[in-house]
Amino acid sequence: MNIILRPKFFAAYRAAYGKLRQDQVDGLETLLAALETDPYIVDQRHAAYMLATVKHECADTWRPIVERGGPEYFRKYDAGTPIGIRLGNIQRGDGLRFCGRGYVQITGRDNYARIGRALGLGHALTTGPECALDPDTAYRIMSSGMLEGLFTGRRLAHYINAQGCDYINARRVINSLDRAELIAGYASIFEAIL
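Note that the sequence shown covers residues 874 to 1067 in the working numbering.
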(Lines of atoms letter the chains of each structure in order from A and count residues from 1; the text may use other names and numbers.)
(Lines give C-alpha, C1' and ligand atoms only; values in the text may rest on other atoms or scores of the structure.)
Protein backbone atom coordinates (compact mmCIF):
# COMPACT_ATOMS: atom_id res chain seq x y z
CA MET A 1 0.00 0.00 0.00
CA ASN A 2 1.10 3.57 -0.57
CA ILE A 3 2.54 5.75 2.15
CA ILE A 4 -0.22 7.57 4.00
CA LEU A 5 0.64 11.26 4.30
CA ARG A 6 -0.02 11.97 7.95
CA PRO A 7 -0.76 15.72 7.85
CA LYS A 8 -3.28 15.21 5.03
CA PHE A 9 -4.80 12.14 6.70
CA PHE A 10 -5.22 13.75 10.12
CA ALA A 11 -6.57 17.03 8.69
CA ALA A 12 -9.15 15.14 6.64
CA TYR A 13 -9.98 12.86 9.58
CA ARG A 14 -10.59 15.84 11.87
CA ALA A 15 -12.72 17.54 9.20
CA ALA A 16 -14.88 14.42 8.96
CA TYR A 17 -15.01 13.28 12.59
CA GLY A 18 -13.80 16.10 14.82
CA LYS A 19 -11.04 16.33 17.39
CA LEU A 20 -8.67 13.52 18.33
CA ARG A 21 -7.05 13.00 21.71
CA GLN A 22 -3.33 12.18 21.73
CA ASP A 23 -4.01 8.53 22.66
CA GLN A 24 -6.28 8.26 19.60
CA VAL A 25 -3.58 9.80 17.38
CA ASP A 26 -1.06 7.32 18.80
CA GLY A 27 -3.41 4.40 18.14
CA LEU A 28 -4.07 5.58 14.60
CA GLU A 29 -0.34 6.03 13.97
CA THR A 30 0.26 2.40 14.98
CA LEU A 31 -2.56 1.19 12.76
CA LEU A 32 -1.55 3.32 9.77
CA ALA A 33 2.04 2.05 9.99
CA ALA A 34 0.75 -1.54 9.98
CA LEU A 35 -1.48 -0.87 6.98
CA GLU A 36 1.38 0.75 5.04
CA THR A 37 3.65 -2.24 5.53
CA ASP A 38 1.06 -4.99 5.03
CA PRO A 39 2.10 -6.72 1.79
CA TYR A 40 -1.33 -8.31 1.43
CA ILE A 41 -3.22 -5.04 1.05
CA VAL A 42 -3.30 -4.55 -2.70
CA ASP A 43 -6.47 -2.45 -2.82
CA GLN A 44 -6.60 0.80 -0.88
CA ARG A 45 -10.34 0.26 -0.37
CA HIS A 46 -9.46 -2.77 1.76
CA ALA A 47 -7.45 -0.47 4.04
CA ALA A 48 -10.38 1.96 4.12
CA TYR A 49 -12.74 -0.81 5.19
CA MET A 50 -10.30 -2.08 7.81
CA LEU A 51 -10.02 1.42 9.29
CA ALA A 52 -13.82 1.72 9.30
CA THR A 53 -14.10 -1.60 11.10
CA VAL A 54 -11.59 -0.62 13.78
CA LYS A 55 -13.31 2.75 14.25
CA HIS A 56 -16.54 0.91 15.02
CA GLU A 57 -15.28 -2.21 16.82
CA CYS A 58 -12.91 -0.29 19.10
CA ALA A 59 -15.32 2.57 19.82
CA ASP A 60 -13.01 5.25 18.40
CA THR A 61 -10.16 4.35 20.75
CA TRP A 62 -8.01 3.16 17.83
CA ARG A 63 -6.50 0.54 20.12
CA PRO A 64 -7.18 -3.16 20.58
CA ILE A 65 -9.81 -3.47 23.29
CA VAL A 66 -11.51 -6.02 25.51
CA GLU A 67 -15.17 -6.60 24.76
CA ARG A 68 -17.31 -4.63 27.18
CA GLY A 69 -19.15 -6.48 29.91
CA GLY A 70 -18.51 -7.93 33.33
CA PRO A 71 -18.33 -11.52 34.60
CA GLU A 72 -22.13 -11.82 34.61
CA TYR A 73 -22.34 -10.74 30.96
CA PHE A 74 -19.72 -13.26 29.86
CA ARG A 75 -21.47 -16.18 31.58
CA LYS A 76 -23.71 -16.40 28.51
CA TYR A 77 -20.56 -17.57 26.66
CA ASP A 78 -19.59 -20.15 29.29
CA ALA A 79 -19.24 -23.90 28.80
CA GLY A 80 -22.61 -25.61 28.50
CA THR A 81 -24.51 -22.55 27.25
CA PRO A 82 -25.73 -22.55 23.63
CA ILE A 83 -23.34 -19.73 22.66
CA GLY A 84 -20.49 -21.25 24.68
CA ILE A 85 -20.91 -24.60 22.95
CA ARG A 86 -20.84 -22.91 19.52
CA LEU A 87 -17.65 -21.03 20.52
CA GLY A 88 -15.92 -24.18 21.79
CA ASN A 89 -15.82 -22.99 25.39
CA ILE A 90 -15.39 -26.21 27.35
CA GLN A 91 -14.33 -25.14 30.84
CA ARG A 92 -16.09 -23.13 33.48
CA GLY A 93 -14.91 -19.52 33.11
CA ASP A 94 -14.10 -19.83 29.39
CA GLY A 95 -16.74 -17.19 28.61
CA LEU A 96 -14.74 -14.55 30.45
CA ARG A 97 -11.32 -16.03 29.65
CA PHE A 98 -12.01 -16.05 25.90
CA CYS A 99 -14.08 -12.88 25.70
CA GLY A 100 -13.65 -10.63 22.69
CA ARG A 101 -10.25 -8.94 22.37
CA GLY A 102 -8.33 -7.06 19.73
CA TYR A 103 -9.23 -4.75 16.88
CA VAL A 104 -12.07 -7.08 15.86
CA GLN A 105 -12.68 -8.92 19.14
CA ILE A 106 -12.16 -12.59 18.43
CA THR A 107 -14.33 -14.54 20.86
CA GLY A 108 -14.36 -18.13 22.13
CA ARG A 109 -11.78 -20.82 22.81
CA ASP A 110 -12.12 -22.39 19.35
CA ASN A 111 -11.57 -19.07 17.57
CA TYR A 112 -8.53 -18.20 19.68
CA ALA A 113 -7.06 -21.66 18.95
CA ARG A 114 -7.90 -21.68 15.24
CA ILE A 115 -6.61 -18.18 14.57
CA GLY A 116 -3.50 -18.76 16.68
CA ARG A 117 -2.66 -21.81 14.56
CA ALA A 118 -3.39 -19.97 11.30
CA LEU A 119 -1.00 -17.18 12.30
CA GLY A 120 1.74 -19.60 13.34
CA LEU A 121 1.40 -18.66 17.01
CA GLY A 122 0.86 -22.20 18.22
CA HIS A 123 -1.06 -22.17 21.50
CA ALA A 124 -0.09 -18.60 22.44
CA LEU A 125 -3.62 -17.25 22.07
CA THR A 126 -5.23 -20.04 24.11
CA THR A 127 -2.64 -20.06 26.89
CA GLY A 128 -2.52 -16.25 26.99
CA PRO A 129 -5.62 -14.81 25.31
CA GLU A 130 -4.59 -11.32 26.37
CA CYS A 131 -1.93 -11.56 23.61
CA ALA A 132 -4.76 -10.54 21.25
CA LEU A 133 -4.49 -7.07 22.79
CA ASP A 134 -0.93 -6.55 21.55
CA PRO A 135 -1.29 -4.11 18.62
CA ASP A 136 0.93 -6.16 16.29
CA THR A 137 -0.91 -9.39 17.09
CA ALA A 138 -4.30 -7.67 16.93
CA TYR A 139 -3.40 -6.29 13.50
CA ARG A 140 -2.29 -9.70 12.22
CA ILE A 141 -5.54 -11.22 13.47
CA MET A 142 -7.61 -8.52 11.78
CA SER A 143 -5.65 -8.53 8.53
CA SER A 144 -5.65 -12.30 8.13
CA GLY A 145 -9.25 -12.55 9.22
CA MET A 146 -10.49 -9.94 6.79
CA LEU A 147 -8.18 -10.59 3.84
CA GLU A 148 -8.01 -14.40 4.05
CA GLY A 149 -11.48 -15.09 5.41
CA LEU A 150 -10.44 -16.56 8.77
CA PHE A 151 -13.49 -15.22 10.60
CA THR A 152 -16.48 -16.22 8.48
CA GLY A 153 -14.97 -17.79 5.36
CA ARG A 154 -15.61 -14.56 3.48
CA ARG A 155 -12.77 -12.28 2.37
CA LEU A 156 -12.81 -8.56 1.62
CA ALA A 157 -12.00 -9.43 -2.00
CA HIS A 158 -15.46 -11.02 -2.27
CA TYR A 159 -16.99 -7.57 -1.83
CA ILE A 160 -14.26 -5.10 -2.78
CA ASN A 161 -12.57 -5.92 -6.08
CA ALA A 162 -12.06 -4.77 -9.67
CA GLN A 163 -15.74 -5.41 -10.43
CA GLY A 164 -17.03 -3.14 -7.69
CA CYS A 165 -17.12 -2.10 -4.08
CA ASP A 166 -19.86 -3.23 -1.70
CA TYR A 167 -18.95 -1.79 1.68
CA ILE A 168 -22.30 -2.80 3.17
CA ASN A 169 -21.97 -6.52 2.48
CA ALA A 170 -18.26 -6.40 3.31
CA ARG A 171 -19.42 -6.49 6.94
CA ARG A 172 -19.98 -10.22 6.37
CA VAL A 173 -16.22 -10.79 6.72
CA ILE A 174 -16.60 -10.01 10.45
CA ASN A 175 -20.13 -11.19 11.21
CA SER A 176 -23.64 -10.57 9.94
CA LEU A 177 -24.78 -7.19 8.69
CA ASP A 178 -24.75 -5.71 12.19
CA ARG A 179 -24.17 -1.93 11.82
CA ALA A 180 -23.21 -2.51 8.16
CA GLU A 181 -24.50 0.82 6.85
CA LEU A 182 -22.74 2.83 9.55
CA ILE A 183 -19.42 1.08 8.88
CA ALA A 184 -19.91 1.42 5.11
CA GLY A 185 -20.26 5.16 5.61
CA TYR A 186 -17.02 5.26 7.57
CA ALA A 187 -15.30 3.24 4.82
CA SER A 188 -16.41 5.70 2.14
CA ILE A 189 -14.95 8.56 4.16
CA PHE A 190 -11.69 6.68 4.74
CA GLU A 191 -11.46 5.84 1.04
CA ALA A 192 -11.60 9.58 0.28
CA ILE A 193 -9.11 10.38 3.05
CA LEU A 194 -6.56 7.78 1.92
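Idealized CB from N, CA, C, for every residue including glycine.
Limits of the alpha helix (DSSP H) - the one that residue 1015 falls within: 1008 to 1021
Spatial distance of residue 1043 from residue 1029 (CA atoms): 6 Å
Whole-angstrom distance between residue 876 and residue 968, CA atom to CA atom: 40 Å
Selected residue, minimal CA-CA separation from residue 963, among 986, 974, 975 and 977: 986
Closest by C-alpha distance to residue 1015, when choosing among 971, 945 and 913: 913
Backbone CA spacing between residue 998 and residue 1005 [nearest angstrom]: 7 Å
Residue burial classification, residue 895 (beta-carbon count within 10 angstroms, cutoff 16): exposed
Beta-carbon proximity of residue 965 to residue 952, cut-off 8 Å: yes
Sub-8 Å separation of residue 981 and residue 1001 beta-carbons: no
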